[in-house]
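Right, one structure below, let's go through it.
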Amino acid sequence: QVQLVESGGGLVQPGGSLSLSCAASRITYPIVDMGWYRQAPGRQRELVAKVTRGGATNYANYVKGRFTISRENRENTVYLQMNSLKPEDTAVYYCSARESLTLRDYWGQGTQVTVSS
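Everything in the sequence shown is counted per the numbering used here, starting at 776 for the first residue and increasing by one.
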């Protein structure tokens with residue numbers, strides 16, 4: 776089954792930037808949608824941004840203008856560039872990938888992003 780490995784989380788000051796990446800492997804069927812979700816303590820997991828295989832993107836309102844999602848289909852990798860980070864962006868960020876044919880969703884192990892002075 777598909778494996779997703781995230782990297783790039785860490786600690787950053789408010790107003791700073793971080794880049795996340797996620798690589799998919801053990802792929803049987805092409806990956807259609809890839810995306811990023813996040814979960815803060817005591818809150819449900821929520822969508823941050825997602826991108827289709829064709830490059831169409833969708834962002835949560837609270838990250839529009841600050842975050843940019845992109846993907847490299849040939850390498851089955853998705854990226855999230857996060858700028859102007861705020862303390863409320865602190866969360867564990869999870870990569871997701873949807874497999875074509877089965878439409879099954881796969882998840883990475885998560886990477887911590889902490890925005891604090």
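Backbone N, C-alpha and C fix where the C-beta goes; we use that ideal spot for every residue, glycine too.
Task: chain C within 7 Å of residue 839, Cβ atoms only - done: Here chain C cannot be found, since the structure has a single protein chain.
Open item on the list: According to DSSP, residue 880 sits in a beta bridge with which residue or residues?
Closed with: 873
Task: Counted within 10 angstroms of its Cβ, other Cβ atoms place residue 880 as buried (16 or more) or exposed - done: exposed
Open item on the list: Rounding to the nearest angstrom, what Cα-Cα distance links residue 832 and residue 787 in this structure?
Closed with: 25 Å
Open item on the list: To the nearest angstrom, how far is the alpha carbon of residue 860 from that of residue 805?
Closed with: 33 Å
Open item on the list: Quick check on this structure: which residue in 891, 874, 883, 869 has the alpha carbon closest to the alpha carbon of residue 819?
Closed with: 869
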